[in-house]
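Protein chains in written order, with the working numbering: chain A, 1 to 497; chain B, 1001 to 1493; chain C, 2001 to 2502. Working notes, structure below.
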Amino acid sequence: MNYSALFLQLLPEAVLVLAALVMLGAAVATGKKPGRVFSSGVGVSIATFGILLAAAAMFFVPQDGATSTSLLENDPLARIFKAVVLGLGLLAVWLPPVRREIGNLGEYYALVLFALTGLLLAVGSNHLLFLFVALELASLSLYLLAGFPRTPRAAEASLKYFLFGGVSAAFMLFGISLLYGVSHSATLSGIAQVLEASQPSVLAMTGLAMLLVGLGFKLAAVPFHYWAPDVYQGAPATTVAIVSAASKAVGLVVLVRILQIGFPNVAGSAAWGEMTAGWSLWLAVLAAVSMIFGNLLALAQTSVRRLLAYSAVANTGYLLVALSANGPKAAASALFYVVVYGLATLGALAVTAAVERDRGDDRVSSFAGLIHRSPFQAVCLLVFLTSLAGIPPLAGFFGKFALFSNAMGESAAGGNPGLVWLVGLGVILSAVSLYYYLSVLKQAFVTSAPDELSEAHGLGPSHVLCVLLPAALLVILGLFPSLLLAPITRALMESLR
Amino acid sequence: MTPAWTLISAFAGALLVLLLPARAAGSARIIALVASIVGMAAAALSCLARLNTPDATPWSYDKPWVENLGIRFHLAADGISLTLLLLTGVVAVAGVLFSWNVEKRPRAFFAWFLTIIGGVYGVFLSRDAFLLFVCYEIVILPKYLLIAIWGSTNKEYGAMKLTMYSIAASALILIGLVAAYAAAGATSFDLLHLASTTYPPAMQAWAFPVLFLGFAILAGMWPFHTWAPTGHVAAPTAASMLLAGVVMKLGAFGALCVAMPLFPQGFELWRPLIAGLAVVGIVYGALTALTQRDLKFVIGYSSVSHMGFVLLGLAAANHWGLRGAVLQMISHGIIAGLLFGIAGRVVYERTHTRDLAELQKFDLWKSLPGAAIAFTLATAASMGLPGFSGFVAEISVIIGLWQSYPWLTIAVAFGIIITGAFSLRALHRAFFPARTANAAAAPPLPPLTWPEISAIGLLLAVSLAIGIYPKPWVVLIDDGLRSPLFQSILPLP
Amino acid sequence: MHLLYTILFPLLGAVWLGVRPGMSRKGAGTFALACSLLALALACGSHGAQWLLPWMPDAGMNLSFRVNGISWLFLVLTGLVVSFAIAASPRNERAGRGYYALILVMQSALFGVFTARHFIPWFLCWEMTLIPSYLLIRLWGGGGAPRAALRFFIMTLGGSAFLLVGFLALQLSAGTMDFSELAKLAANQQLTVALARTFVASGLSGHTLLTVVALAVFLGFAVKLPVVPFHAWLPAAYAEAPTPVTMLLTGLLSKMAVYGLLVIFLPVFPEVLPSLAPLLSWLAAATVLLGALAALAQTDLKRLLAYSSVNHLGYCALAIAAAASMQGDRNALAAALSGTVLQAFNHGIIASTLFFGIGIMEQRGGGLRGLNDFGGLRAQTPVFCGLFGLAVFASLGLPGLSGFVGEFLIFNGVFALTPGVAVLSVLGLLFTAVFLLRMMRKVFHGPFKPALAKWPDLSNGERLLFGLATALIVIPGLFPQALLRFANPGIVELLDLLRPIP
């Protein structure tokens, strides 16, 4: 193998790692001298620089297909989502420097960069074992990132995240080993060839199911979602942003790759009246319970962060609906939606962070009178939450619409009911979701705040960007969804060829 | 001016209002007025143009939007759309005039107001199911905010209830549309394409009620009407006018132009039930209105009753019925706007009560004669007295109904009689109370202002114009009904 | 277009009154009088005019108006009585612009009712009279006005509903609501066929169905006329309305029903009329008799005259019922129809004059109008007494005055067509004479009430009005041919439609 070619292919990841090392070095250098503190500004600057450099490095990665190896795929889909991960990661870094109680910011941002590296690697991986390693790199970083503030809440979040994550990683690894045992291959195409040649064995199906459990944890699908509310509530905003946006996008890309490339012929069917066992049906069930539990539990939340956590669970459900339709167009719209969802959640977190800073907590009632305190934040919050609720003309609406339309389109040709049961459930629960998003917006726009609390501090420039950019992108992608949807569809088609 | 100006004027107006600096907030209403007048003028001129060149191809604008799903940005204006656009324009102008004195956050108020108007224009113009759905959903959030922020009487509950009904309705619509899209080959959301596909009967049997119910909820079909009275009562005047006047019409329009053409066999199957529910709605709405104490609730329930006629016309599914349904949409839009405008703005702003018993103390005939006369005329229109638009519409619906379900006409006649009763009761109690010997002298009330008079005059004039000379409207509606969309329901001779 | 202008002219006047806030009450009255007089002039010149505008794109649904002999007479009557009522309105505090505007609206509507040839515009105008009259009674009436007005409104609205249903049934079966078209179909006996075909599900014969429809339409007219069991709204409404409005109610609104029966009911339902005729005749006779008997029992002058109106309009109903039998010769039929037209016209003038007189008494007496409140007025107000007496005598049908001509022609025809009922109804004439003379005796003769001592006689304006009205009573009484000459072409037209069905 040509190591220099391999290195070129991993140039962005390498840049990120280098940036992380620089960050650590800087932190150590400043930390040694008494009276000098590693300021968050430096940390954010170095991280920003590193991420931008990594993004620039993507242009130097050779783009011809011949460079793909058995381990790494460098197809357009990977490139798009690497860019997405870097973009979402950048926005996450720009969030206000977490909570003041974080002591070692240098280590924190270095771990952020490591997590992003893991996610980048996972996007392009073509080999299950390599994928496992990449995901673990990201996960281990995230476990730590969740527990950084050293508050009891954060500790609980970190511990839960770690325990559930560890178990699911074990499942995943066991599943991979079973699959390897059946097919003597850990590459997706290799597995596909074997499964195509013979009747799928029980072992292979068990392996797949375990793999799905692992990924279900990443995506926070019910019943693997228990970590989510605590992490969303207890972890620093930047961590939550990465977990909810970048990590979810990567989880979905990986899932799409595995299922569509590795296991296209054990899909079974979830269509009404013709259900057969297979991952399509499993995902449909996961989707249904995720949507139901996510939306219903979100109704009862008083903390906006927990609310966003359950909304994340529900949104995983919508994504799985599209995947269970087992068609490239539906998968493409799920990939589109996950980006849009990431932007909206990230923006909402950014506004929540601002409100937390001003009002001390993230209860729904703390949002009261936001429109008077800061019209900018309120309007952007409106954009984020209505996008999540699926109200036009925002991208979230189009994403859901495309997702449901394509799920139906690929499962219900010629007037068959197809996935209508699942799509119908999704659409109706999505309507229910408007209720809890509106309850936040009601506080922000309708209820007036007590007078003594009605002043808002200005946001830092990076924080403003972190609110403004997602909002602008959501509007633009809502009006012209083809800007993103068309490339994703093309890329996915190419990867599946 | 092409019909597109309606859409452009509304959204541009909303944007302009939002961009106004805080110290110029007072001029928001002027911008809103200009924008809505431009929209009304565009609609009126387009109607005239269509009347002058009836054989020309209707105006349309068609550009690809999202290729992945076969979505096109397709606007077109046939006769039905044009008349409904004009209705929207008229109600919008009247709504702005009735909101002339909004003091609280005027920029946001008029921005949301114009957004609703724009969304409504968009629905009436869309020929692509996706675009139609987008415009339909755009309306939801502004509705919520208008009611929750500027409303009265239990506003947050009313707003939330209305919003949840609307979003549930749109969920059903989405399911129905997506099912049709999938079954038609998943290539296009064009309404004509969807309507020209023949779906298997088994699918139509379930898809039609889902889609139709989605639209019918918004049209206030009994027993899914409960959002309407609460929402209308809670809403500020202009929003009540818009809700009852045009937003309920979105549902009826969707039922007519989407649900029925897409699934004609399903429609045939469910038609008797729709007719039955419509009749129940007419009678129930009227009976409930008869027992209300709040003037706005009376009007709210009367809307349920009147929208029953629209659904009934649709269920009749013949030329007279459909024509009557569209006429009733327009007629009710105008009349409900007028009634809500007078009750909510003219009377409530001065007396601060809408309770029929309380209103008696004000002796409104003496203290506010202009409002009393206007409300009398509006009541007459609402009762369907000849000369007003309601008569033309109801008589068309009844003729159509007769040809389909003759026996139901009896129940409808019953409903009309109760309508007369509750209208008179409300009119009597609110405006012409019996003089009592020892009644305290009625407090003097400020007289009608010019914006109010112009709004009342505009709405009354339109209602009378339709009632006395409906021909141009009917010509336009017939023109719309000849569209290939309705081939499956209303085959051309 | 001339006809359109005629119809719209008073309405425009009303709108002008409505939008001119600065106009004084007196100015408003004068303006309204000028409007109605001009409208009268326009109406006089509208003989033979017609106007048509397609109402719906479908064939046959037109706003069509036409003036024939009969309508012309009713138009003129409308102009006269409205002008009279406006002139007679007291220029006091209460009557303002709104009052006059409503009266002018009513004039427009009445013009429309008397000229429309299609159900839609006709019904539009028919209902358009309702709201102004309701408001006029309600707002400017006496203490019991709210109840009276509401009862009036609801009963007439109920009647209209039956009218509407009846004509809708015709539209649904025969496909038209144009009166001439319907008459043409009826003459060819197509209506029963069409009804039987449309309502086949009911299992009834076409004749039965058409009878039901005809009864529904008749009911609509019967409430307005009113025919006896449907008269419950009338006494209170007439009594509580301000007197000029009562003039309109009795002089014109009841004539709408006469006109409708004559020009719409008779030509459209000849297929079932013979079988309905006995019922109609007995109802008419009951109206004549009960109206007179009820009048005998009244002590309130306005109520008394109200029942007297019921009684007099009963004669019209009688003649129409007789014509409905469609037997007997053409001359008798012609006499009955001409009599109806004349009676309608003359009763319009006479009854408004009588109410005008009551109004004068009411004004002088500060609201007094009981039969026993007055007495011996002849000496106090001789001119008034003379002119009022003349009107009373015209009302009870003294030959030489206009009331006689109509009743004479009616009985002329009725005796030939339905002798039994005619004999019974003659009793009504007797009672009429009794109660009217009793009224004369109590009010003008009898012991003088000292409270009336300060009453002035008629002012100059009142003399002028009363004189003009008297002229309108005397001249047609002496020269009935003058009126008949105008009405004749219309009556001939009607007669041709009423050929007995072979």
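Even glycine gets a Cβ: it sits at the ideal position worked out from N, Cα and C. Just so we're clear, the structure is a prediction, and the values are computed from it rather than from any experiment.
Own chain, CB closer than 8 Å to residue i, minus 5 neighbours either side, in chain order
{"i": "N2412(C)", "result": "A2332, A2335, A2336, G2339"}
{"i": "L145(A)", "result": "Y108, L111, V112, A115, A235, P236, T238, T239, I242"}
{"i": "V84(A)", "result": "A246, A249, V339, G342"}
{"i": "Q2190(C)", "result": "A2174"}
{"i": "F2218(C)", "result": "L2261, F2265, L2276, L2280"}
{"i": "A1180(B)", "result": "A1129, L1194, T1197, Y1199, A1207, L1211, L1262, F1263"}
{"i": "L2273(C)", "result": "A2214, L2266, A2324, S2325, M2326"}
Residues of its chain near residue i, where Cβ-Cβ distance is below 6 Å and the 5 sequence neighbours each way are ignored
{"i": "T1002(B)", "result": "W1059"}
{"i": "P2132(C)", "result": "L2102, V2105, M2106"}
{"i": "N1438(B)", "result": "Its pLDDT being 48, under 50, N1438(B) is placed unreliably in this model, and the value from its coordinates should be taken loosely. Excluding sequence neighbours, N1438(B) sits near nothing in its chain."}
{"i": "L286(A)", "result": "A221, L320"}
{"i": "Y1199(B)", "result": "A1183"}
{"i": "A1393(B)", "result": "G1324, L1327, Q1328, S1331"}
{"i": "A491(A)", "result": "P76, L77, I80"}
Candidates the options, of which the one nearest residue i by Cα
{"i": "A2239(C)", "options": "K2302(C), A2469(C), A2295(C)", "result": "K2302(C)"}
{"i": "G2069(C)", "options": "L2124(C), V2263(C), F2199(C)", "result": "V2263(C)"}
{"i": "A235(A)", "options": "V194(A), G106(A), A92(A)", "result": "A92(A)"}
{"i": "L2249(C)", "options": "L2304(C), A2319(C), Y2134(C)", "result": "Y2134(C)"}
{"i": "F2065(C)", "options": "A2032(C), I2007(C), F2084(C)", "result": "I2007(C)"}
{"i": "A1325(B)", "options": "L1243(B), V1210(B), K1249(B), P1201(B)", "result": "K1249(B)"}
{"i": "A2433(C)", "options": "A2201(C), G2367(C), A2391(C), T2470(C)", "result": "A2391(C)"}
{"i": "G273(A)", "options": "L419(A), A491(A), Y143(A)", "result": "L419(A)"}
{"i": "G2096(C)", "options": "S2024(C), S2459(C), C2316(C)", "result": "S2024(C)"}
{"i": "A78(A)", "options": "V231(A), Q260(A), W227(A), A122(A)", "result": "A122(A)"}
{"i": "E1137(B)", "options": "S1166(B), M1307(B), M1160(B), E1156(B)", "result": "S1166(B)"}
{"i": "A2297(C)", "options": "R2364(C), P2235(C), A2284(C)", "result": "P2235(C)"}
{"i": "F1340(B)", "options": "L1490(B), G1321(B), L1051(B), F1297(B)", "result": "F1297(B)"}
Contact check, residue i vs residue j, beta carbons under 9 Å
{"i": "H1232(B)", "j": "S1305(B)", "result": "no"}
{"i": "A322(A)", "j": "N406(A)", "result": "yes"}
{"i": "F1388(B)", "j": "G1333(B)", "result": "no"}
{"i": "F1113(B)", "j": "A1014(B)", "result": "yes"}
{"i": "L2040(C)", "j": "L2011(C)", "result": "no"}
{"i": "S1009(B)", "j": "V1096(B)", "result": "no"}
{"i": "W279(A)", "j": "F263(A)", "result": "yes"}
7 Å CB neighbourhood of residue i in its chain, flanking five on each side removed
{"i": "I488(A)", "result": "I80, A332, L335, F336"}
{"i": "W2122(C)", "result": "V2113, A2116"}
{"i": "T2198(C)", "result": "L2172, S2173"}
Whole-Å CB distance - residue i paired with residue j, under 8 Å assumed
{"i": "A267(A)", "j": "S411(A)", "result": "So it is not a contact: roughly 11 Å between Cβ atoms."}
{"i": "L2053(C)", "j": "L2063(C)", "result": "5 Å"}
Residue i at chain F interface by Cβ criterion, 9 Å
{"i": "G1321(B)", "result": "Note that chain F does not occur in the displayed structure, where the protein chains are A, B and C."}
Enumerate, from N- to C-terminal direction, the unbroken alpha helix (DSSP H) stretches of 4 or more residues contained entirely within the segment 120 to 156 of chain A. Uninterrupted alpha helix (DSSP H) stretches at least 4 residues long and entirely within the segment 120 to 156 of chain A occur at 128 to 146, given in chain order.
Mind pulling the alpha helix (DSSP H) runs of 4 or more residues that sit fully within the segment 2095 to 2130 of chain C? 2097 to 2115, 2119 to 2128
In the segment 408 to 459 of chain A, which residue ranges form an unbroken alpha helix (DSSP H) of at least 4 residues, counting only runs that do not cross its ends? 420 to 445
Just list the beta strand (DSSP E) runs in the segment 1443 to 1468 of chain B, keeping only unbroken ones of 3 residues or longer that don't cross its boundaries, in chain order. none
Can you list, in chain order, the stretches of the alpha helix (DSSP H) that have 4 or more residues and sit fully within the segment 2180 to 2222 of chain C? 2190 to 2198
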